[in-house]
Amino acid sequence: MILRERQNRIITALQADGSASVRELAAALAVSESTIRRDLELLDRNGELTRTYGGAVIKPGATVEDHGRTLDEGMFDDNHDVDLKSRMADAAAAMVTDGSVIILDIGTTTPLVARRLRGRDITVITSNLAVFDELRDDEAVRLVLLGGVVRRNYRTLVGSLAELALSQISADIVFLSCTGVRANGHVVDNMAVEAPIKQSMIAASDKVVLLASEAKFPGSGALRLCSLTDVDALVTTSGAPDETLALCRNAGGEVTVV
Numbered sequence: 001m002i003l004r005e006r007q008n009r010i011i012t013a014l015q016a017d018g019s020a021s022v023r024e025l026a027a028a029l030a031v032s033e034s035t036i037r038r039d040l041e042l043l044d045r046n047g048e049l050t051r052t053y054g055g056a057v058i059k060p061g062a063t064v065e066d067h068g069r070t071l072d073e074g075m076f077d078d079n080h081d082v083d084l085k086s087r088m089a090d091a092a093a094a095m096v097t098d099g100s101v102i103i104l105d106i107g108t109t110t111p112l113v114a115r116r117l118r119g120r121d122i123t124v125i126t127s128n129l130a131v132f133d134e135l136r137d138d139e140a141v142r143l144v145l146l147g148g149v150v151r152r153n154y155r156t157l158v159g160s161l162a163e164l165a166l167s168q169i170s171a172d173i174v175f176l177s178c179t180g181v182r183a184n185g186h187v188v189d190n191m192a193v194e195a196p197i198k199q200s201m202i203a204a205s206d207k208v209v210l211l212a213s214e215a216k217f218p219g220s221g222a223l224r225l226c227s228l229t230d231v232d233a234l235v236t237t238s239g240a241p242d243e244t245l246a247l248c249r250n251a252g253g254e255v256t257v258v
């Protein structure tokens with residue numbers, strides 16, 4: 001059994017029962033207890049569970065991730081998805097003025113925004129390694145990579161170091177991603193380990209721009225990041241429900257449908 005499959009099964013077991021001992025997990029997965037201990041330590045560092053004496057417990061709101069799928073492999077589901085994300089990235093990049101400081105969030109649309117910002121006189125702050133790869137060789141862009149624990153599958157940096165760094169930052173705009181926008185306007189995410197980073201990015205920025213295609217309405221997730229009434233601008237696509245978009249418009253937010 002490969003590492004990622006085993007870790008996925010550990011999270012699934014914890015979600016079913018809330019907790020499990022090292023001995024129980026080792027027996028269920030047919031591996032040694034020392035192997036389970038190493039897996040639990042890694043998952044604890046990544047914020048996906050809490051290590052306890054003799055076992056582990058699931059964190060509230062934590063979700064099972066697809067450990068067998070990397071960000072690059074899962075970046076786009078089909079050609080339609082590519083088109084939607086590209087159009088949103090075009091609209092987002094057009095909002096950036098020279099000399100500004102911007103934060104690009106974790107997600108699959110923000111690297112496309114970064115690609116369109118190459119050669120610009122701007123500062124880009126990110127915990128997204130895909131964004132970093134887009135801009136790492138660009139001498140025009142001042143690039144700031146936040147510290148933290150590396151989540152290799154998702155190519156992101158998370159944890160208290162990233163949150164601490166963001167507390168020292170003042171940005172003009174954050175381009176925010178999410179996994180869902182509920183009918184009541186709540187902007188949510190399904191990754192417990194990433195939600196605090198996103199909230200810190202919001203707090204560090206003068207302007208919040210949410211990038212959410214029609215697939216994110218309602219999407220999924222239970223961890224509230226903010227509300228559409230807190231968003232200064234929303235970039236979405238033509239299939240998003242008008243009733244939900246109206247919540248942003250009525251609160252004074254700018255809505256761009258691409």
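In terms of our numbering, the sequence shown is residues 1 to 258. Cβ atoms here follow ideal geometry from the backbone N, Cα and C, with glycine treated the same way.
Looking only at V187, E5, A204 and F217, the smallest Cα-Cα distance to V31 is reached by E5. In the three-state DSSP reduction, S127 falls in the coil class, being neither helix nor strand.
Residue burial annotation: A16 is exposed, with fewer than 16 other C-beta atoms found within 10 angstroms of its C-beta. Here the region 90-97 makes contact with the region 107-127; the two share three or more CB pairs at distances below 8 Å.
For the options V22, D83, P241 and I169, the alpha carbon positioned closest to that of V181 is the one of P241. By DSSP's assignment, L49 forms a beta bridge with I58. Between the C-alpha atoms of A28 and D39 there is a straight-line separation of about 14 Å.
R51 has its alpha-carbon roughly 7 Å from the corresponding atom of E41. At the C-beta level, S127 and I173 stay beyond 8 Å of one another. Cβ-Cβ separation between T237 and L84: approximately 5 Å, consistent with a contact (criterion under 8 Å).
In the structure shown, A171 falls within a strand segment according to DSSP collapsed to helix, strand and coil. Nearest neighbour of P218 by Cα position, chosen from V255, R142 and C178, turns out to be C178. Where R151 is concerned, the enclosing beta strand (DSSP E) starts and stops at V149 to R151. By the 16-neighbour rule on beta-carbons within 10 angstroms, N184 is exposed.
About 5 Å separates the beta carbon of L234 from that of L210, a gap short enough to meet the 8 Å contact definition.
Per DSSP, the beta-bridge partners of T256 are V235. In chain order, L157, L161, A162 and A165 place their CB closer than 7 Å to the CB of G147, counting only its own chain and leaving out the 5 sequence neighbours on each side. By alpha-carbon distance to Q199, the top candidate from L225, G221, D98 and I169 is L225. Per DSSP, reduced to three states, the secondary structure at D137 is coil, with no helix or strand assignment.
With respect to the C-alpha of A215, the residue from I58, D81 and L25 having the closest C-alpha is D81.
Each of L176, S205, V208 and D206 was checked against the Cα of E194, and the nearest Cα belongs to L176. Residue range D242 to N250 is occupied by the alpha helix (DSSP H) that includes D242. With a cutoff of 8 Å on beta-carbon distance, A20 and A56 are scored as near each other. Distance from the CA of G119 to the CA of F132, rounded to the nearest whole angstrom, comes to 14 Å.
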